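Chemist:
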C-alpha cells in the first residue's frame, strides 16, 4: 500500500466512522435483537425466553392480525393509485405553460406541510357527519350526509380522502420531472401531427416513468407503515375498520408488552416490503423507460 | 413555441380558459381546509358545531387562542419541540456532511461496499427497529429523556448522506490538493473549505430535519413519559383525546398555532424547500 493509499484509508475511515458506529448500534444490533426477540416471549421487563416459532404460529391464528393486514392493503390499494393520479393530474395542469405557476404550486403544496397530528384533528372536523365541510359540499350535488369516521364501511375511504389533500410533495417532484422533458420531443411530435393526448401518452408519461416508479415504491413502503393519521383520527375504530398493521404492532409492543410478538409482526412486514420492492424491480425493465434506452 | 396544428386561436383560448377555471376551482378546494381551520378557531363552540356550517365567526373569539395556549400548555411544548428539533438539525447536518465527505472524497478499499450498505438501510422499516431500540435505550436509562429522540441524529442518516455525497462529488479535487500543499490538515479542509461550499445542500438537510421533528409523533409517543416533556404533536394529540367535541374551537386554535410556524418557515425558505423536494424525489 502506498503512502497515498494509506492516507486515504485512514482519513476515509475516520470520516465515515460515525456512520459505522451508528449503524452498528442503532441499526445492526437492533435488527439482530429484533430477529431474536421475534422467536421469544419478551415483555422488556423480564429477560427474553426462547419460544421457537410460536409467535409466528400464533400470528397465523390471530384474527386481529389478519384484520390489520387486510385494512392496510385495502388502504394502500386505494390511497396509493388515487394519490399518484391526483398528483400527476395536478402536475400536468401546472406544466401547461401557465401564468402564476409559483402561486398555484404553492397552493397545492401547502397542505403537505401540515403536521400529521394537526392534519388528523383538522380532518376529523372536516369529515364530521353533521357540520363537516365534505358532507356540505357533497350535499350540493345531492349526496349524503355520510358518517365518514363513524361507519366501518366509510372510515377507510374517509382516511383515503384525507390523504388526497397532502399530495403536494409528489406534485412538486412530478412537475420538476415534467419540466426536464426535452422540448424537442414535443416539437417533433407536433410536426408529426400528434394530439395533446398522444403527446402525454407517448412522450410525457414514458419520460417521467422512472420518477413515478420511484415515488410509487417509496409511497408503498410509507403507506404500509401508516400510523399517526389513523391513530389520532380514529384510534383504529370503528369496529377495527381502521386498525392498520403498524397500529396493531404498536399496541402489541407498548400496550400489551408482547414485544416478541410485535417483533415477529415487524419481520413479516419487512418480508412483505422486500418482496414488493423486488417484484417491482423485476417489472421495471418492462415498464420504465430510462434515458437512452 | 410552435403553435398547435389544426387548432384555431378561438379553440386554444377556450381551452386555456378551461385550464385556468380548473386550476382556480382546485385551488379553492385545496385552500378550504385552511379556511375551515382558521374560522373554527375564531368561533364560539356553539357556532362551530351548527349545521349547515357557518363561515363567518360571530363574534370573533380571539380569546380561543389564549385558552388553547394555557390548556395545552402550548409554550412549554413549543420549547420542548424546538429543543428536540434543533438538536436534530445540528447533529444531522454536521454528521451527515462529515460522513458524506468520507464517502465522496477518499478512495479506500471497502468504501463502495459500506456505501451500498448505507443505502440499503433505508429499506428497513421502522417497526423492525422500534422494539429493540426501545430495549437498548431502556438499558441505557434513556426512557423518559429526550436522548432517544436526538442522539441517533449525530450518527447521520442514509438519505442525507446520499444527498450530500451527490453534492460533494462535484467538488474539484484541485481545490483540496492546493489546500494540502499549503499544509492544511484534513479536518480543516472539511470545516473551512467544504462546509462553506455545500451550504445550500446543508440548508436542505437542516430544513427537512427540522420539519420532520416538528411533526414527528411516533418517537415522542414511544419515549416520552412525562406530560411536561411532551412535544407539540404529542401535546396536541393528548389534548384532543382528553376533551370532547365541545372544545373543538380551542383545539383548532392550538392546531393553527402548530401549523402557522411551518407555513411561515416555508415562505421564508420557499426556493430551498421546492428545490430540496425536487432533488430528493428525482434522484432515487
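Residue numbers (the working numbering), protein chains in the order written: chain A, 1134 to 1426; chain B, 18 to 301.
Even glycine gets a Cβ: it sits at the ideal position worked out from N, Cα and C.
Just so we're clear, the structure is a prediction, and the values are computed from it rather than from any experiment.
1) Over what stretch of residues does the alpha helix (DSSP H) that includes residue 1269 (chain A) continue unbroken?
2) Measuring CB to CB, does residue 1299 (chain A) end up less than 8 Å from residue 1339 (chain A)?
3) Counting beta carbon pairs with one atom in the region 1316-1331 of chain A and one in the region 1371-1379 of chain A, are three or more of them shorter than 8 Å?
4) Please work out which residues of its chain come closer than 7 Å, Cβ to Cβ, to residue 1221 (chain A), disregarding the five sequence neighbours upstream and downstream, and give them in chain order.
5) Per DSSP, residue 1183 (chain A) forms a beta bridge with which residues?
6) Would residue 224 (chain B) pass as an interface residue toward chain A - the criterion being a Cβ-Cβ separation below 8 Å?
7) Check each candidate in A:1287, A:1229, A:1259 and name the one with the smallest Cα separation from residue 32 (chain B).
8) Taking a contact to mean a Cβ-Cβ separation below 8 Å, would you say residue 267 (chain B) touches residue 85 (chain B) in this structure?
9) Taking residue 267 (chain B) as part of the alpha helix (DSSP H), name the residues at either end of that continuous run.
10) Please list the residues of the region 197-226 of chain B that have a C-beta atom closer than 7 Å to any C-beta atom in chain A, keeping them in chain order.
11) Expressed to the nearest angstrom, what Euclidean distance is found between the alpha-carbon atoms of residue 1195 (chain A) and residue 1186 (chain A)?
12) Kindly say whether residue 1425 (chain A), judged by its beta-carbon, lies nearer than 8 Å to any beta-carbon of chain B.
13) Using a Cβ-Cβ cut-off of less than 8 Å, give me the residues of the region 105-133 of chain B that come near chain A, in sequence order.
14) Tell me the rounded alpha-carbon separation between residue 30 (chain B) and residue 1294 (chain A).
15) Helix or strand or just coil, what does DSSP make of residue 1425 (chain A)?
16) Closer than 8 Å, CB to CB, is residue 1208 (chain A) near chain B or not?
17) Pull out every residue of the region 1168-1180 of chain A whose Cβ sits closer than 7 Å to any Cβ of chain B, in chain order.
18) Determine the burial state of residue 20 (chain B): buried for a count of at least 16 other Cβ atoms within 10 Å of its Cβ, exposed for fewer.
19) Would you call the region 74-94 of chain B and the region 1275-1290 of chain A touching, i.e. three or more CB-CB distances under 8 Å?
20) Where does residue 92 (chain B) fall in DSSP's three states?
21) Taking Cβ positions, are residue 239 (chain B) and residue 151 (chain B) nearer each other than 8 Å?
22) Using only alpha-carbon positions, find the residue among B:130, B:114, B:221, B:155 that is nearest to residue 242 (chain B).
23) Considering residue 153 (chain B), what are the terminal residues of the alpha helix (DSSP H) in which it resides?
24) Taking the alpha helix (DSSP H) that residue 1204 (chain A) belongs to, which residues open and close that run?
25) Suppose you measure from the CA of residue 1191 (chain A) to the CA of residue 38 (chain B); what does that come to, to the nearest Å?
26) Mapping DSSP to helix, strand and coil, what is residue 57 (chain B)?
27) Are any of the Cβ atoms in chain A nearer than 8 Å to that of residue 257 (chain B)?
28) Identify, in the order they occur along the chain, each residue of the same chain with its Cβ nearer than 7 Å to the Cβ of residue 192 (chain B), setting aside the five sequence neighbours on each side.
29) Going along chain A, which residues have a C-beta under 7 Å from residue 234 (chain B)?
30) Let me know if residue 83 (chain B) comes out buried or exposed under the rule of 16 or more other beta-carbons within 10 Å of its beta-carbon.
31) Taking only beta-carbon positions, decide if residue 101 (chain B) is within less than 8 Å of chain A.
32) Is residue 1284 (chain A) close to chain B? Criterion is C-beta to C-beta, closer than 8 Å.
33) Looking at chain A, is there any beta carbon in it that lies within less than 8 Å of the beta carbon of residue 73 (chain B)?
34) Take every Cβ of the region 133-144 of chain B, pair it with every Cβ of the region 202-217 of chain B, and state whether three or more of those distances are shorter than 8 Å.
35) Check whether the Cβ of residue 148 (chain B) lies closer than 8 Å to any Cβ atom in chain A.
36) Suppose the cutoff is 7 Å on Cβ atoms and the five residues either side in sequence are ignored; what does the same chain contact list for residue 1234 (chain A) look like?
Modeler: Taking the structure as given:
1) In the first chain, the residue the question calls residue 1269 (chain A) occupies position 136. Unbroken alpha helix (DSSP H) run through residue 1269 (chain A): 1266-1273.
2) Taking the first residue of the first chain as position 1, residue 1299 (chain A) is located at position 166. Taking the first residue of the first chain as position 1, residue 1339 (chain A) is located at position 206. Contact annotation: residue 1299 (chain A) and residue 1339 (chain A) have beta-carbon atoms that are not nearer than 8 Å.
3) no
4) Here residue 1221 (chain A) corresponds to residue number 88 of the first chain, with the count starting at 1. These residues qualify, in order along the chain: 1307.
5) Along the first chain, read from residue 1 onward, the residue named residue 1183 (chain A) stands at position 50. DSSP lists A:1173 as partners of residue 1183 (chain A).
6) Position 207 of the second chain holds residue 224 (chain B). So, not an interface residue.
7) One-based indexing of the second chain puts residue 32 (chain B) at position 15. With distances taken between Cα atoms, residue 32 (chain B) lies closest to A:1229.
8) Translated into the one-based positions of the second chain, residue 267 (chain B) becomes position 250. Translated into the one-based positions of the second chain, residue 85 (chain B) becomes position 68. Yes, the Cβ-Cβ distance between residue 267 (chain B) and residue 85 (chain B) is below 8 Å.
9) For this step, residue 267 (chain B) is matched to residue 250 along the second chain. 265-285 is the extent of the alpha helix (DSSP H) around residue 267 (chain B).
10) 203
11) By one-based count along the first chain, residue 1195 (chain A) stands at place 62. By one-based count along the first chain, residue 1186 (chain A) stands at place 53. Those two C-alpha atoms are separated by around 14 Å.
12) For the purposes of this step, residue 1425 (chain A) is taken as the residue at position 292 of the first chain. For residue 1425 (chain A), the predicted model reports a pLDDT of 46, less than 50, meaning its position is unreliable; a value from the coordinates is still stated below. It does not: the Cβ of residue 1425 (chain A) has no partner Cβ on chain B nearer than 8 Å.
13) Within the region 105-133 of chain B, the residues whose Cβ lies closer than 8 Å to any Cβ of chain A are, in chain order, 112, 115, 116, 118, 119, 120, 122, 123, 124, 125, 126, 128, 131.
14) Here residue 30 (chain B) refers to the residue found at position 13 of the second chain. Here residue 1294 (chain A) refers to the residue found at position 161 of the first chain. Their backbone Cα atoms lie some 33 Å apart in a straight line.
15) Looking up residue 1425 (chain A) in the first chain gives position 292. Here the model assigns residue 1425 (chain A) a pLDDT of 46, short of 50, so the residue's position is not dependable and the matter cannot be decided.
16) Residue 1208 (chain A) sits at position 75 when you count from the first residue of the first chain. Closer than 8 Å: no.
17) Residues 1170, 1177.
18) Residue mapping note: residue 20 (chain B) aligns to position 3 of the second chain, counting from 1. Because the pLDDT at residue 20 (chain B) is just 49, under 50, the model does not fix this residue reliably, and the value given afterwards should be weighed accordingly. By the 10 Å Cβ count, residue 20 (chain B) comes out exposed.
19) no
20) As a working note, residue 92 (chain B) is residue 75 in the second chain. The three-state reading of DSSP puts residue 92 (chain B) in helix, counting H, G and I together.
21) The residue labelled residue 239 (chain B) in the question sits at position 222 within the second chain. The residue labelled residue 151 (chain B) in the question sits at position 134 within the second chain. Inclusion of residue 239 (chain B) and residue 151 (chain B) in the CB contact set at 8 Å is warranted, their separation being smaller than that value.
22) Here residue 242 (chain B) refers to the residue found at position 225 of the second chain. The shortest Cα separation from residue 242 (chain B) among B:130, B:114, B:221, B:155 belongs to B:155.
23) Position 136 of the second chain, counting from 1, holds the residue named residue 153 (chain B). Counting along the chain, the alpha helix (DSSP H) containing residue 153 (chain B) begins and ends at 143-156.
24) Locating residue 1204 (chain A) in the first chain gives position 71, counting from the first residue. First-last of the alpha helix (DSSP H) with residue 1204 (chain A): 1196-1227.
25) Taking the first residue of the first chain as 1, we reach residue 1191 (chain A) at position 58. Taking the first residue of the second chain as 1, we reach residue 38 (chain B) at position 21. Residue 1191 (chain A) and residue 38 (chain B): Cα-Cα distance of roughly 56 Å.
26) Locating residue 57 (chain B) in the second chain gives position 40, counting from the first residue. Helix, per DSSP.
27) The count along the second chain starts at 1 and reaches residue 257 (chain B) at position 240. It does: the Cβ of residue 257 (chain B) has a partner Cβ on chain A nearer than 8 Å.
28) As a position in the second chain, residue 192 (chain B) is number 175, starting the count at 1. Within the same chain, residue 192 (chain B) has close Cβ partners 210.
29) Numbered from 1 along the second chain, position 217 holds the residue referred to as residue 234 (chain B). Correct list: 1249, 1250, 1361.
30) Along the second chain, read from residue 1 onward, the residue named residue 83 (chain B) stands at position 66. With fewer than 16 Cβ atoms within 10 Å of its Cβ, residue 83 (chain B) is classed as exposed.
31) Along the second chain, read from residue 1 onward, the residue named residue 101 (chain B) stands at position 84. No, no contact with chain A.
32) On the first chain, position 151 is the one that residue 1284 (chain A) refers to. Residue 1284 (chain A) does not count as touching chain B.
33) For this step, residue 73 (chain B) is matched to residue 56 along the second chain. Chain A contact via Cβ: absent.
34) no
35) Translated into the one-based positions of the second chain, residue 148 (chain B) becomes position 131. Residue 148 (chain B) counts as touching chain A.
36) Taking the first chain and counting its residues from 1, one reaches residue 1234 (chain A) at position 101. Cβ within range, chain order: 1227.
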